[in-house]
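J.: Residue numbers (this note's numbering): 501 to 551.
Below you'll find the structure I mean.
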C-alpha cells in the first residue's frame, strides 16, 4: 500500500512539474494555489464520507 501511495505522489509531482515548467514564478504560485484548493476539496469530501 505504501508503494502505491509513493508511486501516485511521484506521478502527480512529475505531471505538475511538466505542466509548470515554462511558467513564471507568479504563474506557478497561482497554479499551485489552484491545485491546493482542488485537493483540499477532495480531502474534505473523503473525510465527510468516511466519518
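Ideal Cβ placement from N, Cα and C applies to all residues, glycine included.
Report yes if the C-beta distance between residue 523 and residue 517 is below 8 Å; otherwise report no.
T.: No, they are not a contact pair.
J.: Output the distance between the C-alpha atoms of residue 540 and residue 501, rounded to the nearest integer angstrom.
T.: 22 Å
J.: Please list the segments of the alpha helix (DSSP H) lying wholly inside the region 502 to 540, counting only runs of 4 or more residues, in order along the chain.
T.: The DSSP assignment places complete alpha helix (DSSP H) segments of no fewer than 4 residues inside the region 502 to 540 at 502 to 520, in order along the chain.
J.: Roughly how many whole angstroms lie between the Cα atoms of residue 505 and residue 513?
T.: When rounded, the separation of the alpha-carbon atoms in residue 505 and residue 513 is 12 Å.
J.: Should residue 520 and residue 511 be called a contact, given that it needs their Cβ atoms to be closer than 8 Å?
T.: no
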